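The structure under discussion appears below in the form of structure tokens.
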Amino acid sequence: MARASESWSSPLGFVLAAAGSAVGLGNLWGFAYRAFQGGGGAFVVLYLVIVLVVCLPVLVAEMVLGRSTGHAPLIAPVTAGGRRWAPLGLLFLAAAIGILAFYAVLMGWTGRTLLHALLVGLPADMAASESFFALISSSGGGAVLGLLVSLALTGAVVAAGVRGGIERLSRWGMPALFLLLLGLLIWAAFLPGAGAGYHQFLLRWDPAKLLDPTTIRNAFTQAFFSIGTGIGAILAYAAYLNRRSALAIEAVSVVGMDTAVGLMAGCVTFPLVASFGLGEVVSGSTVGTLFIALPTGLASLGMAGRLVAVLFFGLAYIAAITSSVSLLEVPVSSLIDGLGWRRREAVWSCVGLVGVLGLPPALNTAALEVMDALFGGVLLILGGLLVALLLSWQAPARFLADLQGCATPPGLRRALLLSLRWISVPAIAVGLGVSVLDLAKMWLG
Ligand code: PHE
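Its first residue numbered 192, the sequence shown is counted upward by one per residue in the numbering used here.
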């Protein structure tokens, strides 16, 4: 049953769409939020090491799984590893649907910040930023509306198909976001107190933190969530890819862009927190770091700041859509591929389901944090572990043959396989164990 009725217009189209999937609220919101929870330089170092040494080979493996089978996430694991790998397909679906449910709520917050900046203005001081965040995050009806609008837009793009919808949006949204972040980075660097901001949250070096379970969990979660591997999203995209495109190079480009955007966003957010004395407001609800710091900082620039806020949250919203479409593509392509549904039917049924599951996180920030930790943390990391096991132990020949097919040098092929086997698998197993224990301690103890 070969699918391939759809395809990217070029390898660049795939890379941009995959980068669009990777770069999203995880970079802009998640990086700042998790870095704020602590760890300082140890969090940043762990995050970088995990991205490069652990996630990169997994990303290549996930791409191989998609391209070599040509199947959707529900079916590809069975094609590659046999019947007993069927649970992995189900895990992909559960994780993608669970993440999309709270992700769309965050998109709603982003959209409301955008509208607020456009129509009303920005918060000028601490008290105003507190009530500003309360307004965008917790007034029930508005949050549900934000969720539904975001899902509807995501559905519309996915219904338009791979090339016409997904690829077109990523082509210009990504570069525009990158340029704007660069501008903001330079502005933030010259704020009074900027140095203290970098120091306090990103550079303060305490080696003991390298062994802190919460720092380890946050670094693993952030790495997997931000790159978006372990959940079948990149697998779904790679199934539309032709045989020749060079996966290893493409994976490196995706990881490079994603990491750059995450670090840049941190370097914008923390000078603002320090410079405008927002530490206290932010620690009340760390999930709100970005949504508090940036609007409040930009308010100091008057009209120009308001304009930049509109641009930033507009582009953040577009970056979020290029991610949410990849999440929705996981169940949608599985219904098309596995059950022969038509794209439109699949899209709107999944949107309906996710809309219902999104109600708890829309109405309650604590529920959002729990879903983020479970679906965006534990399930995603578990998915990464299983992808690594499948391609390195169960089906290594498939891994090597697919990479050979796109002319990857033999040394690199073997190095990728070995690091998948001996570094990614054990490291993820440890990271997963630490994360589960840390969550259990937090919630039960
Ligand atoms: N990587 C996306 C982000 O950073 C979110 C995402 C997670 C996308 C998992 C696909 C799969 O916002």
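Where a beta carbon is used, it is the ideal one built from N, C-alpha and C, also for glycine. Please read all numbers here as calculations on a predicted model, not as lab measurements.
Could you have a look at residue i and say whether DSSP puts it in helix, strand or coil?
{"i": "Leu382", "result": "coil"}
{"i": "His307", "result": "helix"}
{"i": "Gly204", "result": "helix"}
{"i": "Glu536", "result": "helix"}
{"i": "Ser491", "result": "coil"}
{"i": "Gly574", "result": "helix"}
{"i": "Pro486", "result": "helix"}
{"i": "Ser198", "result": "coil"}
{"i": "Thr599", "result": "coil"}
{"i": "Pro314", "result": "coil"}
{"i": "Gln662", "result": "This structure cannot speak to residue 662, because the chain is shown only from 192 to 636."}
{"i": "Ala193", "result": "Confidence at Ala193 is low in this model, with a pLDDT of 40, below 50, so the placement of that residue is unreliable and no value is reported for it."}
{"i": "Ser476", "result": "coil"}
{"i": "Gly636", "result": "coil"}
{"i": "Val545", "result": "helix"}
{"i": "Asn218", "result": "helix"}
{"i": "Ala620", "result": "helix"}
{"i": "Ala637", "result": "With the chain represented from 192 up to 636, any question about residue 637 goes unanswered, as that position is not in the structure."}
{"i": "Gly364", "result": "helix"}
{"i": "Ala606", "result": "helix"}
{"i": "Gly352", "result": "coil"}
{"i": "Ala579", "result": "helix"}
{"i": "Ala586", "result": "coil"}
Candidates the options: which alpha carbon is nearest residue i's?
{"i": "Trp199", "options": "Val547, Arg434 and Leu519", "result": "Arg434"}
{"i": "Ala347", "options": "Thr513, Leu282 and Val240", "result": "Thr513"}
{"i": "Pro462", "options": "Ala451, Gly447, Val452 and Ala484", "result": "Ala484"}
{"i": "Ser515", "options": "Thr345, Leu635 and Val545", "result": "Thr345"}
{"i": "Phe503", "options": "Ile357, Leu372, Gly331 and Val349", "result": "Leu372"}
{"i": "Leu611", "options": "Val251, Gly312, Arg225 and Gly215", "result": "Val251"}
Using the beta-carbon count (16 or more within 10 Å), is residue i buried or exposed?
{"i": "Ser322", "result": "exposed"}
{"i": "Lys400", "result": "buried"}
{"i": "Met365", "result": "buried"}
{"i": "Asp528", "result": "buried"}
{"i": "Glu471", "result": "exposed"}
{"i": "Ala193", "result": "Confidence at Ala193 is low in this model, with a pLDDT of 40, below 50, so the placement of that residue should be treated as unreliable; the coordinate-derived value is given next. Answer is exposed; the Cβ neighbour count stays below 16."}
With a cut-off of 9 Å, does the C-beta of residue i fall near any C-beta of chain B?
{"i": "Gly337", "result": "Absent from the structure is chain B; it holds one protein chain and no more."}
Report the rounded CA-to-CA distance for residue i versus residue j, giving the unit in angstroms.
{"i": "Gly622", "j": "Leu565", "result": "14 Å"}
{"i": "Arg303", "j": "Thr260", "result": "41 Å"}
{"i": "Gly574", "j": "Glu253", "result": "10 Å"}
{"i": "Gly468", "j": "Gly388", "result": "10 Å"}
{"i": "Ser525", "j": "Tyr294", "result": "20 Å"}
{"i": "Gly333", "j": "Gly299", "result": "8 Å"}
{"i": "Leu518", "j": "Arg534", "result": "15 Å"}
{"i": "Leu402", "j": "His262", "result": "40 Å"}
{"i": "Thr460", "j": "Gly229", "result": "15 Å"}
{"i": "Pro248", "j": "Ala315", "result": "45 Å"}
Exercise for the section: Enumerate, from N- to C-terminal direction, the unbroken alpha helix (DSSP H) stretches of 4 or more residues contained entirely within the stretch 385 to 468. Expected result: 385 to 389, 404 to 418, 424 to 429 and 438 to 466
Practice task
Tell me the start and end of each unbroken alpha helix (DSSP H) in the stretch 230 to 273 that is at least 4 residues and wholly inside, in chain order.
Solution key: 231 to 240, 247 to 260 and 267 to 272
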